[in-house]
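Asker:
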Amino acid sequence: FTAHDPQTYTKIIDLYARIMATQLGLPPHYLGYTTDNPASAEKTESSLRWATKDVWPREREQATPAQLEPLDVRLEQAAKKA
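Residue 77 in this note's numbering is what sits at position 64 of the sequence shown, and the numbering runs on without skipping anything.
1. Could you give the distance in angstroms between the alpha-carbon of tyrosine 43 and the alpha-carbon of alanine 34?
2. Is DSSP giving aspartate 18 helix, strand or coil here?
3. State buried or exposed for arginine 87, treating a residue as buried only when at least 16 other CB atoms are found within 10 Å of its CB.
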């Protein structure tokens with residue numbers, strides 16, 4: 014039998030990943046979608062650190078106003094920034 018090119022299916026999956034990333038407000042690489050020129054590991058790590066910097070609890074004296082918010086509020090804000 015003749016083999017078929019799986020690109021027909023992978024393109025559809027990539028499209029849905031991009032649509033979901035847009036709707037969720039996430040970078041596409043969070044859902045496994047990569048481009049021909051993916052971001053470097055350093056850039057990805059930096060992006061994750063920046064998006065989640067207010068999520069982790071700190072001592073009250075060292076905490077920013079955002080870090081004093083309840084966890085669900087902090088997670089929602091991190092998702093918006095990512």
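Think of the CB as a built atom: it goes at the ideal place given N, C-alpha and C, for glycine as much as any other residue.
Answerer: Checking against the coordinates, here is how it stands:
1. Locating residue 43 in the sequence shown gives position 30, where the first residue counts as 1. Locating residue 34 in the sequence shown gives position 21, where the first residue counts as 1. Tyrosine 43 and alanine 34: Cα-Cα distance of roughly 8 Å.
2. For this step, residue 18 is matched to residue 5 along the sequence shown. Looking at aspartate 18 - three-state DSSP - the assignment turns out to be coil, as it is neither helix nor strand.
3. The count along the sequence shown starts at 1 and reaches residue 87 at position 74. That one is buried.
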